[in-house]
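J.:
There are 2 protein chains.
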Amino acid sequence: MKVLLAEDDVYLGELIVHLLKKKGVEHVDWVQEGEDAYDYALASFYDVIILDWMLPNGDGVSVCQRLRKHGYHGAILMLTAKDAVQDRVEGLEAGADDYLVKPFEIDELMARLKALSRRTFAPIQEEIVRWGAFEVNRTTHTLTKNGEQMILTPREFQLLDLLLQNKGRVLTRDIILDRIWGYDADVSMKTIDATVKLLRKKIGDERQQLIKTVRGVGYTIEK
Amino acid sequence: MKVLLAEDDVYLGELIVHLLKKKGVEHVDWVQEGEDAYDYALASFYDVIILDWMLPNGDGVSVCQRLRKHGYHGAILMLTAKDAVQDRVEGLEAGADDYLVKPFEIDELMARLKALSRRTFAPIQEEIVRWGAFEVNRTTHTLTKNGEQMILTPREFQLLDLLLQNKGRVLTRDIILDRIWGYDADVSMKTIDATVKLLRKKIGDERQQLIKTVRGVGYTIEK
DNA sequence: TAACAATATGACGAATTTGTGAAAAAAGTT
DNA sequence: AACTTTTTTCACAAATTCGTCATATTGTTA
Numbered sequence: 001m002k003v004l005l006a007e008d009d010v011y012l013g014e015l016i017v018h019l020l021k022k023k024g025v026e027h028v029d030w031v032q033e034g035e036d037a038y039d040y041a042l043a044s045f046y047d048v049i050i051l052d053w054m055l056p057n058g059d060g061v062s063v064c065q066r067l068r069k070h071g072y073h074g075a076i077l078m079l080t081a082k083d084a085v086q087d088r089v090e091g092l093e094a095g096a097d098d099y100l101v102k103p104f105e106i107d108e109l110m111a112r113l114k115a116l117s118r119r120t121f122a123p124i125q126e127e128i129v130r131w132g133a134f135e136v137n138r139t140t141h142t143l144t145k146n147g148e149q150m151i152l153t154p155r156e157f158q159l160l161d162l163l164l165q166n167k168g169r170v171l172t173r174d175i176i177l178d179r180i181w182g183y184d185a186d187v188s189m190k191t192i193d194a195t196v197k198l199l200r201k202k203i204g205d206e207r208q209q210l211i212k213t214v215r216g217v218g219y220t221i222e223k
Numbered sequence: 001m002k003v004l005l006a007e008d009d010v011y012l013g014e015l016i017v018h019l020l021k022k023k024g025v026e027h028v029d030w031v032q033e034g035e036d037a038y039d040y041a042l043a044s045f046y047d048v049i050i051l052d053w054m055l056p057n058g059d060g061v062s063v064c065q066r067l068r069k070h071g072y073h074g075a076i077l078m079l080t081a082k083d084a085v086q087d088r089v090e091g092l093e094a095g096a097d098d099y100l101v102k103p104f105e106i107d108e109l110m111a112r113l114k115a116l117s118r119r120t121f122a123p124i125q126e127e128i129v130r131w132g133a134f135e136v137n138r139t140t141h142t143l144t145k146n147g148e149q150m151i152l153t154p155r156e157f158q159l160l161d162l163l164l165q166n167k168g169r170v171l172t173r174d175i176i177l178d179r180i181w182g183y184d185a186d187v188s189m190k191t192i193d194a195t196v197k198l199l200r201k202k203i204g205d206e207r208q209q210l211i212k213t214v215r216g217v218g219y220t221i222e223k
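Chains as they are written, first to last, in full-length UniProt numbering: chain V, 1 to 223; chain F, 1 to 223.
#1: Where does V/E156 land, buried or exposed, given buried means 16+ other C-beta within 10 angstroms?
#2: Among V/G95, V/E108, V/E105 and V/K202, which one has its Cα closest to the Cα of F/A111?
#3: Could you name the residues of the same chain whose beta carbon sits closer than 8 angstroms to that of V/V3, not counting the 5 residues immediately before and after it, in chain order?
#4: Thinking C-alpha only, which one of V/D39, V/G91, V/A43 and V/V129 is nearest V/M54?
#5: For a quick check, are the C-beta atoms of V/Q208 and V/R215 less than 8 angstroms apart?
#6: Whose Cβ in chain F lies nearer than 8 angstroms to the Cβ of V/I49?
#7: Excluding the 5 residues preceding and the 5 following F/P56 in the sequence, name in chain order all residues of the same chain whose CB lies nearer than 8 angstroms to its CB.
#8: Quick check on this structure: which residue in V/L5, V/F134, V/H141 and V/V187 has the alpha carbon closest to the alpha carbon of V/Y40?
#9: Ignoring anything shorter than 3 residues, give me the beta strand (DSSP E) runs that lie fully in the UniProt domain "Response regulatory" (2-117) of chain V, in order along the chain.
#10: According to DSSP, is V/V217 helix, strand or coil?
#11: Mark V/Y183 as exposed unless 16 or more other C-beta atoms lie within 10 angstroms of its C-beta, in which case mark it buried.
#12: Which one or two residues does DSSP pair with F/L171 in a beta bridge?
#13: Grab the span of the alpha helix (DSSP H) containing F/Q208 for me, first residue to last.
#14: So, is V/Q165 buried or exposed, given that buried needs 16 or more other C-beta atoms within 10 angstroms?
#15: Mind checking which residues open and close the beta strand (DSSP E) that includes F/T144?
#16: Taking V/H141 as the query, report the chain F residues whose CB atoms sit under 8 angstroms from its CB, ordered along the chain.
#17: Between V/V170 and V/Y219, what straight-line distance do the alpha-carbon atoms span, to the nearest angstrom?
#18: My understanding is that F/M189 touches F/R173, with C-beta atoms under 8 angstroms, so please give their C-beta distance in whole angstroms.
#19: Quick check: is the beta carbon of F/I124 nearer than 8 angstroms to any beta carbon in chain V?
#20: Is any heavy atom in the ligand ZN found nearer than 7 angstroms to the beta carbon of V/T220?
#21: Hey, out of F/E135, F/A75 and F/F104, whose CA is closest to F/I203's CA?
#22: List the whole-angstrom C-beta distance separating F/K102 from F/A115, where the pair is believed to meet the contact cut-off of C-beta under 8 angstroms.
#23: Identify, in the order they occur along the chain, each residue of the same chain with its Cβ nearer than 6 angstroms to the Cβ of F/R68, setting aside the five sequence neighbours on each side.
#24: With a threshold of 6 angstroms on Cβ separation, who are the neighbours of F/I124 within its own chain once the five nearest residues in sequence on each side are excluded?
#25: From the DSSP secondary-structure annotation, give me the bridge partner or partners of V/V187.
#26: In this structure, what does DSSP give as the bridge partners for F/V129?
#27: Would V/L92 pass as an interface residue toward chain F - the criterion being a Cβ-Cβ separation below 8 angstroms?
#28: Cβ closer than 9 angstroms: which chain V residues qualify as neighbours of F/V61?
#29: Determine the extent of the beta strand (DSSP E) in which V/I151 is found, giving its start and end residues.
#30: Going by CA-CA distance only, name the one from V/A185, V/V187, V/K212 and V/D186 that's closest to V/K197.
#31: Hey, out of F/G60, F/G168, F/L42 and F/D186, whose CA is closest to V/L143's CA?
#32: Which residue or residues does DSSP assign as beta-bridge partners of residue 265 of chain V?
#33: Of all Cβ atoms in chain V, is any one closer than 8 angstroms to the Cβ of F/V89?
#34: For V/I106, decide whether its Cβ has a neighbour in chain F, counting only Cβ atoms nearer than 8 angstroms.
#35: Do you know how far the Cα of V/L159 is from the Cα of F/D59?
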């Protein structure tokens, strides 16, 4: 689970981050200002955003409103010190999915986060990289050419991905071995050549136009 | 908006029904027992179910649990007289999306209902999905082929539904586990394979033409 | 162009992943 | 409580992928 926390109180912020991590939330981003919350939310995907009601530089309610206006569909949980019905209603009207009144217990926060992320219908995030006539899907390990999907084996995919991420640079065998098999791997250099061959065959790269060999150095995909 | 209210207190029940209608909720069904709530929920579609914590003949928490187990994906709001954190957490853990502590104001109930229905309704969800020779009814959890109805178990249905909602993409085992069993579920990955097998058998997918395996990644239903 | 070094290729067994059926465990019904 | 259905686990079978090796091909340099 990936969470964005917008809380200006340093003590409370640190505490929540600490507790969330302890409870097994993989990734927690923490910002202290409303503007930052807005930017972070739009810049990457979060399962839940925890927004403090009062924030310097853009309060929680208006950040929430703007996010919804912008078409943001992820779950938003509002934190508030106020317990007045009218305020709570205002937060929900602004587009928050839930709120929690301070002070609260971490167990309740976790339960609410779980409930929220469970209900999130956000589409599965897909990272797609274009490469000439190909479309590379980094989450599903698939490669599409002219609408036709081909399936790369794990090794083939890792290699292609590595080469694409370093497009224009020549990767030495040492580096490839390190990045794909790990520095302590127990495989011979020849394995790399073999994998390159399998990948070339699968993508139809007969004349080695797509993945080029740099003799004496390694392999590369040109820019 | 269509709402199911499960509340045994006649006075409160009548009041809520009256107020909801006054606030513009088109359709309100009101039951007074836990078993009835369960049956009504599975029999037709509601935007939100308002479940009282204490109900004769099946309390709110267990009704909620059973509904989720059965693959019910509509929003559930729990009503409770208790304000103890542990009780609230218990309700959320049972699969409720939200709770409200009695006594509450009708404005707050309305705001929460709106927030809940907005969240579950945000993405367009077809009630009946066509899939080749099949017709999938997401409300009644049934699958029809050539007019012949087959019965899927909850798990089988959830899996099929998940795959169909993501037609054309490959779902990794991690994501499947997350979406069907929950990210903190305590089942082995093999359970997924087993469920896939049961589903394939039931829909007559001997050659794995309908549900395809993507080795090293997961499963998919192609577009 | 001969000789050498680096890379490509294809085949084969080992390792990993997925499929399968049976049986245990859990949940739901009567 | 007895019974049925569903879910999960487990052990083994089948399929696929991986890594190595022997050999072929290509490129470089003297």
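Cβ atoms here follow ideal geometry from the backbone N, Cα and C, with glycine treated the same way.
T.: Reading from the atomic positions:
#1: buried
#2: V/G95
#3: L20, V25, H27, V28, D29, Y46, D47, V48, I49, I50 and L113
#4: V/G91
#5: no
#6: Residues of chain F passing the Cβ test: none, with the nearest at roughly 14 angstroms.
#7: D8, Q32, E33 and G34
#8: V/L5
#9: 2-6, 27-31, 48-52, 75-80 and 98-101
#10: coil
#11: exposed
#12: F/Y219
#13: Where F/Q208 is concerned, there is no enclosing alpha helix (DSSP H), given that its DSSP letter is neither H nor E.
#14: exposed
#15: T142 to K145
#16: V170, V214, G216 and V217
#17: 6 angstroms
#18: 5 angstroms
#19: Because F/I124 carries a pLDDT of 46, less than 50, the predicted location of this residue cannot be relied on, and the following value inherits that uncertainty. Not closer than 8 angstroms to any Cβ of chain V, the Cβ of F/I124 fails to qualify, so no.
#20: As presented, the structure is devoid of all ligands, the ligand ZN included, so that no description of it is given.
#21: F/E135
#22: Not confirmed; about 19 angstroms, so no contact.
#23: G95
#24: At F/I124 the pLDDT is 46, less than 50, meaning the model places this residue with poor confidence and gives no usable figure here.
#25: Per DSSP, none; premise fails for V/V187.
#26: F/V136
#27: yes
#28: Per Cβ cutoff of 9 angstroms: no residues; F/V61 is ~13 angstroms from chain V at best.
#29: E148 to I151
#30: V/K212
#31: F/G168
#32: A question about residue 265 of chain V goes unanswered here, because the residues of chain V that appear run from 1 up to 223.
#33: yes
#34: no
#35: 55 angstroms
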